[in-house]
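I have placed the structure first, in the form of structure tokens, so that the comments after it can refer back to it.
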Amino acid sequence: MLTPASLRCWQSLGRRRGFLLLQTCRVTGTQNRTIVGAAAGVAEGEKKLKTFDDLPGPSLLNNIYWVFLRGYLLYSHDLQIIFKKKYGPMWKTSMGLQKTVNVADVDLIEAILRQEGKYPMRTDMDLWKVHRNMRDLAYGPFTEEGHRWHTLRKVLNKRMLLPQEAVLYTGSVNEVVTDFLLRLDEMRKESPSGVMVNDLPNALYRFAFEGISYILFETRIGCLKNQIPAETQNFIKSIADMMKYNIIIVLLPQWTNDILPFFKYYIESWDNIFNFGKKLIDQKIQTIQDRLECGEEVKGEYLTYLLSSGELTPKEVYGSVAELLLAGVDTTSNTMSWALYNLAQNTEIQDQLYKEVTGIVPGETIPTAEDIAKMPLLKAVIKETLRMFPVVPINARVAVENDIILGDFCFPKGTLFALAHYLTGREDGNFPDPNKFIPQRWFRDERVKNNPFSSIPFGYGVRACVGRRIAELEMHLALSRIMQKYEVKPDPKGGNIRAMARLVLAPNKPINLQFLKRMPLSPS
377 MLTPASLRCW QSLGRRRGFL LLQTCRVTGT QNRTIVGAAA GVAEGEKKLK
427 TFDDLPGPSL LNNIYWVFLR GYLLYSHDLQ IIFKKKYGPM WKTSMGLQKT
477 VNVADVDLIE AILRQEGKYP MRTDMDLWKV HRNMRDLAYG PFTEEGHRWH
527 TLRKVLNKRM LLPQEAVLYT GSVNEVVTDF LLRLDEMRKE SPSGVMVNDL
577 PNALYRFAFE GISYILFETR IGCLKNQIPA ETQNFIKSIA DMMKYNIIIV
627 LLPQWTNDIL PFFKYYIESW DNIFNFGKKL IDQKIQTIQD RLECGEEVKG
677 EYLTYLLSSG ELTPKEVYGS VAELLLAGVD TTSNTMSWAL YNLAQNTEIQ
727 DQLYKEVTGI VPGETIPTAE DIAKMPLLKA VIKETLRMFP VVPINARVAV
777 ENDIILGDFC FPKGTLFALA HYLTGREDGN FPDPNKFIPQ RWFRDERVKN
827 NPFSSIPFGY GVRACVGRRI AELEMHLALS RIMQKYEVKP DPKGGNIRAM
877 ARLVLAPNKP INLQFLKRMP LSPS
């Protein structure tokens with residue numbers, strides 16, 4: 377007997393089978409055949425569609441065993457590989473009331489994303505909404521959904537998303553890179569060897585934080601000073617605390633919020649984040665008002681645009697800037713950490729990159745965005761790093777507009793899908809020698825013909841990362857200038873470093889690297 381959900385899926389597929397055949401014609405391999413087969417089966421009245429209950433997957437106890445007893449809580453990306461071998465390209469997991477369809481096949485992931493509709497939805501921000509609702513604050517680009525999200529994103533995309541708009545921030549980013557290089561020199565001198573930079577990810581986090589803050593707030597906040605201002609230090613700590621308590625609260629029953637202190641600390645952390653941002657935004661509002669009263673032209677970059685465009689209220693600016701700030705730090709800092717770690721392990725690639733950079737910007741010339749466009753290996757290093765170490769190893773989507781058809785399966789509206797991006801970037805069928813760092817695989821004449829959804833570290837479609845172009849600009853400028861100045865070598869005592877999944881994919885221990893001053897290349 378059909379359940380209401382499966383009956384609705386059956387009817388939905390019958391109505392949409394012609395559309396689906398057209399919609400999935402670009403999907404290759406087995407997935408194309410299975411979707412076609414499902415549609416043909418319905419047409420002949422022979423095939424009964426499967427539902428969530430028909431999927432394989434670990435029981436609740438088995439899932440708890442892997443996540444907690446086997447220690448995969450912080451290595452969920454590795455668990456993707458284990459579960460795919462055990463259950464196939466799709467499996468179900470249930471934790472409490474949350475039921476998830478895990479998808480670990482690039483063609484299936486493409487099929488989901490191409491059916492996501494005008495207002496794609498993810499569910500990983502519910503706890504952030506709790507704080508906004510408690511404090512009567514506006515949602516931002518990560519907490520807002522539906523038509524209101526779409527309207528907000530259209531405003532936020534301006535001055536940020538297009539490559540020609542990101543170029544406007546080249547001067548600001550290079551100013552921060554210059555200070556970061558000075559900070560690296562100080563850190564080298566502080567080490568016994570005079571060349572070691574200890575805990576490089578922390579230094580890069582401070583760089584990324586200063587860079588995105590300078591763009592969003594249009595003011596420096598002192599992250600790269602030897603003594604970080606107390607307000608800024610508290611701001612940085614509040615973000616780390618919020619992330620930490622977010623993970624703890626998600627794992628605990630809701631009734632513990634009134635008993636244990638974690639929820640209180642979580643809310644206090646968010647309060648500190650918003651208060652810091654509000655203070656800087658209010659200062660900019662006052663500056664704009666003072667200029668207008670004096671009849672002066674209002675000039676500025678991103679924050680000035682948001683405040684003077686008339687498209688957002690100050691309350692909406694507070695909520696949006698806070699969320700954009702958080703999204704703009706880990707992408708740059710984590711990717712740069714992994715890129716330098718891999719370059720240190722691969723001296724031949726690093727030497728090639730050094731020659732490419734110095735061939736375009738010799739000596740201590742500061743590169744521009746136009747210079748970066750002439751450095752294919754530099755851009756390939758970042759792409760390869762993001763393939764191997766995507767900032768978010770698992771993305772999520774909720775079916776919000778239509779039922780989702782995947783092969784013999786139909787999933788009704790409201791189904792949560794977990795998309796295993798880390799796994800698809802590490803599969804041999806998508807990338808030969810997937811565990812090797814080979815930036816040249818991204819060169820136009822060496823590209824493997826694979827599904828482009830095999831590596832989508834910035835997401836896809838209208839819900840793709842709004843700060844992608846800014847993050848790329850920061851990474852390209854910083855990495856090129858580091859290569860100009862230093863040869864990077866591993867820490868002799870460092871050992872192997874694994875990726876660990878918190879909210880983002882980060883090193884499981886500090887990355888320490890030697891930064892040796894470059895000797896100028898001899899004329900050939």
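Counting from 1, position 416 in the sequence shown corresponds to residue 792 in the numbering used here; the numbering is continuous, with no gaps. Backbone N, C-alpha and C define an ideal beta-carbon position, used for all residues, glycine too. Treat the numbers as computed from the prediction; the structure is a model and nothing was measured.
Inset, instruction - Helix, strand or coil for THR469, going by three-state DSSP, please let me know. - result: Residue numbering aside, residue 469 sits at position 93 when the sequence shown is read from its first letter. DSSP places THR469 in strand when its eight states are reduced to three.
Legend entry - C-alpha gap between LEU688 and HIS526, whole angstroms: Position 312 of the sequence shown, counted from the start, is the residue given in the question as residue 688. Position 150 of the sequence shown, counted from the start, is the residue given in the question as residue 526. Their backbone Cα atoms lie some 13 Å apart in a straight line.
Legend entry - Through-space distance from THR469 to LYS475, alpha-carbon basis: For the purposes of this step, residue 475 is taken as residue 99 along the sequence shown, with counting starting at 1. For the purposes of this step, residue 469 is taken as residue 93 along the sequence shown, with counting starting at 1. Taking the straight line from one Cα to the other gives about 6 Å.
Inset, instruction - Could you give the DSSP three-state label for TYR862: helix, strand or coil? - result: On the sequence shown, position 486 is the one that residue 862 refers to. Strand.
Legend entry - LYS893 classed as buried or exposed, judged by whether at least 16 other C-beta atoms fall within 10 angstroms: The residue given as residue 893 occupies position 517 in the sequence shown. Per the 10 Å Cβ criterion, exposed.
Legend entry - Where MET895 falls: helix, strand or coil (DSSP): On the sequence shown, position 519 is the one that residue 895 refers to. The answer is coil: DSSP assigns MET895 none of H, G, I, E or B.
Inset, instruction - Quick one: using the 10 Å Cβ neighbour count with 16 as the cut-off for buried, is PRO690 buried or exposed? - result: Walking along the sequence shown from the start, residue 690 turns up at place 314. PRO690 is exposed by the Cβ-count criterion.
Legend entry - Between the CA atoms of TYR463 and THR800 - distance to the nearest angstrom: Looking up residue 800 in the sequence shown gives position 424. Looking up residue 463 in the sequence shown gives position 87. Cα to Cα, THR800 sits roughly 16 Å from TYR463.
Inset, instruction - Could you check if TYR717 is buried or exposed, using at least 16 other CB atoms within 10 Å of its CB as the buried criterion? - result: Position 341 of the sequence shown, counted from the first residue, corresponds to residue 717. Per the 10 Å Cβ criterion, buried.
Legend entry - Anticipated Cβ contact below 8 Å, SER685 with VAL674, distance rounded: Sequence index remark: in the sequence shown, residue 685 carries index 309 (1-based). Sequence index remark: in the sequence shown, residue 674 carries index 298 (1-based). Actually they are not in contact, since the Cβ atoms of SER685 and VAL674 sit about 11 Å apart, beyond 8 Å.
Legend entry - Residue range of the unbroken alpha helix (DSSP H) whose run includes ALA715: As a first step, residue 715 must be located in the sequence shown, where it is residue number 339. 690 to 721 is the span of the alpha helix (DSSP H), which, as asked, contains ALA715.
Legend entry - Proximity winner among ARG508, THR744 and LEU700, relative to VAL549 (alpha-carbon distances): Here residue 549 refers to the residue found at position 173 of the sequence shown. Answer by Cα proximity: THR744.
Inset, instruction - Using a threshold of 8 Å, state whether the C-beta atoms of ALA756 and PHE819 are closer than that. - result: Taking the first residue of the sequence shown as 1, we reach residue 756 at position 380. Taking the first residue of the sequence shown as 1, we reach residue 819 at position 443. In contact: ALA756 and PHE819 (Cβ atoms closer than 8 Å).
Legend entry - Spatial distance of GLY704 from TYR621 (CA atoms): The residue given as residue 704 occupies position 328 in the sequence shown. The residue given as residue 621 occupies position 245 in the sequence shown. Going from the Cα of GLY704 to the Cα of TYR621 covers about 20 Å.
Legend entry - Whole-angstrom C-beta distance between ALA720 and LYS865, which should lie under 8 Å: Residue 865 sits at position 489 when you count from the first residue of the sequence shown. Residue 720 sits at position 344 when you count from the first residue of the sequence shown. Confirmed, Cβ separation roughly 6 Å.
Legend entry - contact_flag[the region 732 to 741, the region 856 to 876] where n(CB pairs < 8 Å) is 3 or more: yes
Inset, instruction - Flag this pair as yes or no: are the beta carbons of MET563 and ALA584 separated by less than 8 Å? - result: Here residue 563 refers to the residue found at position 187 of the sequence shown. Here residue 584 refers to the residue found at position 208 of the sequence shown. No, the Cβ-Cβ distance between MET563 and ALA584 is not below 8 Å.
Inset, instruction - Would you identify the three-state DSSP class for LYS460, choosing helix, strand or coil? - result: Position 84 of the sequence shown, counting from 1, holds the residue named residue 460. Reduced to three states, the DSSP call for LYS460 is helix.
Legend entry - Endpoints, alpha helix (DSSP H) assigned at LYS812: In the sequence shown, residue 812 corresponds to position 436, counting from 1. Segment: none, LYS812 is in no alpha helix (DSSP H) and carries neither H nor E.
Inset, instruction - May I have the straight-line CA-CA distance separating GLN630 from ASP647, to the nearest angstrom? - result: Here residue 630 is taken as the residue at index 254 of the sequence shown, counted from 1. Here residue 647 is taken as the residue at index 271 of the sequence shown, counted from 1. Computed Cα separation, rounded: 20 Å.
Inset, instruction - Give the DSSP-derived three-state secondary structure of LYS475 in the structure shown. - result: Locating residue 475 in the sequence shown gives position 99, counting from the first residue. Correct three-state label for LYS475: strand.
Inset, instruction - Would you kindly check if the distance between the Cβ of ALA847 and the Cβ of THR708 is under 8 Å? - result: For the purposes of this step, residue 708 is identified with residue 332 of the sequence shown, where counting begins at 1. For the purposes of this step, residue 847 is identified with residue 471 of the sequence shown, where counting begins at 1. Closer than 8 Å, so yes.
Legend entry - MET377 versus VAL776: straight-line alpha-carbon distance, rounded: Counted from its first residue, the sequence shown places residue 377 at position 1. Counted from its first residue, the sequence shown places residue 776 at position 400. Confidence in MET377 is poor, its pLDDT being 40 and thus under 50, which makes the residue's placement unreliable; the coordinate value appears in the next sentence. Distance between the alpha carbons of MET377 and VAL776: 26 Å.
Legend entry - Straight-line Cα distance separating ILE664 from SER830: The count along the sequence shown starts at 1 and reaches residue 830 at position 454. The count along the sequence shown starts at 1 and reaches residue 664 at position 288. Their Cα atoms are separated by approximately 45 Å.
Legend entry - Bounding residues of the alpha helix (DSSP H) (the contiguous stretch that carries VAL626): Within the sequence shown, residue 626 is the residue found at index 250, counting from 1. Run containing VAL626: 606 to 627, per the alpha helix (DSSP H) assignment.
Legend entry - Nearest-angstrom Cα separation, counted from TYR581 out to ASP706: Here residue 706 corresponds to residue number 330 of the sequence shown, with the count starting at 1. Here residue 581 corresponds to residue number 205 of the sequence shown, with the count starting at 1. Looking at the two C-alpha atoms, the distance is approximately 7 Å.
Legend entry - THR406 in three-state terms, based on DSSP: Position 30 of the sequence shown, counting from 1, holds the residue named residue 406. Confidence at THR406 is low in this model, with a pLDDT of 40, below 50, so the placement of that residue should be treated as unreliable; the coordinate-derived value is given next. THR406 falls in the helix class under three-state DSSP.
Inset, instruction - State whether the region 476 to 489 contacts the region 784 to 794, with contact taken as three or more CB pairs (one from each stretch) at a distance under 8 Å. - result: yes
Inset, instruction - Determine the DSSP secondary structure at VAL768, reduced to helix, strand or coil. - result: Residue mapping note: residue 768 aligns to position 392 of the sequence shown, counting from 1. VAL768: coil per DSSP, three-state reduction.
Legend entry - Touch test, the region 641 to 658 against the region 568 to 575, Cβ-Cβ under 8 Å, three pairs minimum: no
Legend entry - Cβ-based burial, GLY735 [other Cβ within 10 Å; buried from 16]: Taking the sequence shown and counting its residues from 1, one reaches residue 735 at position 359. When all chains shown are included, GLY735 counts as exposed.
Inset, instruction - Using beta-carbon positions only, say whether ILE488 and ARG773 come within less than 8 Å of one another. - result: On the sequence shown, residue 488 is found 112 positions in, with the first residue counted as 1. On the sequence shown, residue 773 is found 397 positions in, with the first residue counted as 1. A contact, by the Cβ cut-off of 8 Å.
Legend entry - 8 Å Cβ cutoff met for GLU724 and LEU754: Along the sequence shown, one-based indexing puts residue 724 at 348. Along the sequence shown, one-based indexing puts residue 754 at 378. Result no, Cβ atoms of GLU724 and LEU754 do not sit closer than 8 Å.
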